[in-house]
Amino acid sequence: MESAEKAFGPVLAVLAAVVLWGSSFPMMKAVLAVFGPWTIMWLRMLVGTLVLLPFLGRMSLAGYRKGDWRLLGGMVLCMPCLYFYLESNALTLTTSSQAGVVAAILPLVVALGGWMFLREPLDRGSLFGLALALCGVIVLTLSGSPDESAPHPVLGNLMELGAMLSAAVYMLLARQLGERYNALTLTGMQTLAGLVFFLPGAMDLGPKALEHPEALTAAAYLGAFVSIGAFGLYNFGLSRLQAGRAAVAINLVPVVAVALAWIWLGEALNPVQMLAAGATLLGVWLAQRGSSTQQNEGQQASLLDRTQESVPAAADPVPGDAS
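So in the UniProt record's numbering, the last one in the sequence shown is 323, and the numbering has no gaps at all.
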């Protein structure tokens with residue numbers, strides 16, 4: 001009973017993080033009706049910067065090595081710059097429901113990159129799951145039809161997939177840099193880079209900022225609660241739960257995204273898209289199951305396991321942050 005009580009808080013924290021990440025897709029979609037992608041992302045980076053200011057003293061470049069600027073530059077270019085540029089624009093072209101499902105394949109893209117470039121192990125079960133998930137995304141994309149909430153769903157889903165590729169490269173770089181820099185240092189670099197990169201968006205605030213205070217509140221929510229708060233909650237839960245239990249919860253992010261998009265925005269997947277979304281999530285689960293089986297048999301843990309066992313410093317991509 002005592003262990004169950006001890007696990008309640010961490011489990012609740014992980015589930016809260018999942019809800020926050022899932023809510024980012026429909027929330028971002030709603031704010032895009034008022035502000036452009038660049039403006040929203042600049043506001044998010046501004047809020048993130050303000051939240052991180054009290055922790056400035058805990059950031060350090062003491063571990064810097066010659067040539068790290070290339071890795072650091074590549075990291076901040078991929079996340080937040082390219083990732084958020086692609087994802088925020090994707091949500092102007094496709095529904096938040098479809099974007100949330102596409103984002104679910106992020107761990108598999110990372111695992112594939114680790115297999116291709118870092119010689120990380122990837123068994124046949126994981127490869128089958130990856131293939132099934134990609135097929136699901138393709139069917140999901142091609143079975144949609146343009147409407148008011150998704151004027152160009154194919155292009156939008158492709159941009160979301162591009163965001164996942166950027167996130168995958170970021171994670172591969174961050175794993176190397178994480179050996180020399182703490183998470184706060186990397187997060188600070190990313191947030192500052194994003195604040196500068198999306199600075200043109202500040203020019204478009206104008207009178208809209210006063211006319212739509214609810215949009216500003218939503219942007220602050222995305223910057224403080226989704227980008228920063230959700231990672232804090234997830235890391236708290238991860239530190240007190242088995243990594244596998246915390247990782248499985250990540251699979252609920254697209255489910256939450258689809259549910260909240262239906263409740264808040266009235267978005268709905270057609271029957272074919274629902275089947276495709278199911279196939280995508282099944283593929284992700286099969287890949288994780290195959291990777292876990294391989295680890296239990298005593299082989300080296302794959303990048304798929306380790307991607308699910310830790311959260312990137314600043315990004316929302318965790319599987320699923322539309323931030």
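Ideal placement from N, C-alpha and C gives every residue a C-beta, glycine not left out.
- Message: With the cut-off set at 7 Å, would you say Gly36 and Ala90 are in Cβ contact?
- Response: no
- Supposed contact pair Met159 and Leu86 - C-beta distance, whole angstroms, cut 8 Å: 5 Å
- Range covered by the alpha helix (DSSP H) that runs through Tyr234: Ala230 to Arg240
- Which same chain residues, not among the five before or five after Ser166, have their C-beta less than 8 Å away from its C-beta? Cys78, Met79, Leu82, Tyr83 and Leu86
- Message: With distance defined between alpha-carbon atoms, name the residue in Leu269, Leu173 and Val256 nearest to Leu118.
- Response: Leu173
- If you pair each beta-carbon of the stretch 20-34 with each one of the stretch 170-184, do three or more pairs fall below 8 Å? no
- Return the Cβ separation of Ser97 and Val272 in integer angstroms, given the expectation that the two are a contact with Cβ distance under 8 Å. With a Cβ gap of about 13 Å, Ser97 and Val272 do not count as contacting.
- Query: Are Leu161 and Leu130 close, meaning C-beta to C-beta below 7 Å?
  - Reply: no
- Query: Which word fits Leu304, buried or exposed, when buried means at least 16 other C-beta atoms lie within 10 angstroms of its C-beta?
  - Reply: Reliability of the predicted coordinates at Leu304 is poor, the pLDDT of 46 falling under 50, and no value is obtained from them.
- Task: If I'm right that Ala279 touches Gly136 with Cβ under 8 Å, what's the distance once you round it to whole angstroms?
- Result: 4 Å
- Message: Taking the beta carbon of Ile263 as the centre, do at least 16 other beta carbons fall within 10 Å, making it buried, or is it exposed?
- Response: exposed
- Is the CB-CB distance between Gly283 and Leu132 below 7 Å? yes
- Query: Considering only C-alpha positions, which residue in the set Gly237, Ala218 and Val101 is nearest to Pro153?
  - Reply: Val101
- Query: Is Asp123 helix, strand or coil by DSSP?
  - Reply: coil
- Between the C-alpha atoms of residue 408 and Met189, what's the straight-line distance to the nearest angstrom? Nothing can be reported for residue 408: it is not among the residues displayed for the chain, which extend from 1 to 323.
- Within 10 angstroms of its Cβ, does Met45 collect 16 or more other Cβ (buried), or is it exposed? buried
- Query: Leaving out the 5 sequence neighbours to the left and right, which residues in its chain are closer than 6 Å to Ala168 when beta-carbon positions are compared?
  - Reply: Val109, Val110 and Gly113
- Rounded C-alpha distance that separates Phe55 from Arg124: 44 Å
- Message: Could you compute how far the alpha carbon of Leu43 sits from the alpha carbon of Ala219?
- Response: 6 Å
- Task: Taking Thr15 as the reference, give the member of Gly232, Leu275 and Trp115 with the closest Cα.
- Result: Note that residue 15 is Leu in the sequence shown here, rather than Thr. That would be Gly232, whose Cα lies nearest to the Cα of Leu15.
- DSSP three-state assignment for Phe55, whether helix, strand or coil: helix
- Under three-state DSSP, which class holds residue 355? The structure shown has nothing for residue 355, since the chain only spans 1 to 323.
- Message: Taking its Cβ as the centre, do 16 or more other Cβ atoms sit within 10 Å of Trp115, making it buried, or is it exposed?
- Response: buried
- Between Leu61 and the rest of its own chain, which residues show a CB-CB distance below 8 Å, the 5 nearest in sequence each way excluded? Tyr181 and Thr185
- Task: Can you give me the start and stop residues for the alpha helix (DSSP H) that Lys66 sits inside?
- Result: It is not in any alpha helix (DSSP H) - Lys66 carries neither H nor E in the DSSP assignment.
- Task: Tell me whether Val154 sits in a helix, a strand or coil according to DSSP, three-state version.
- Result: helix
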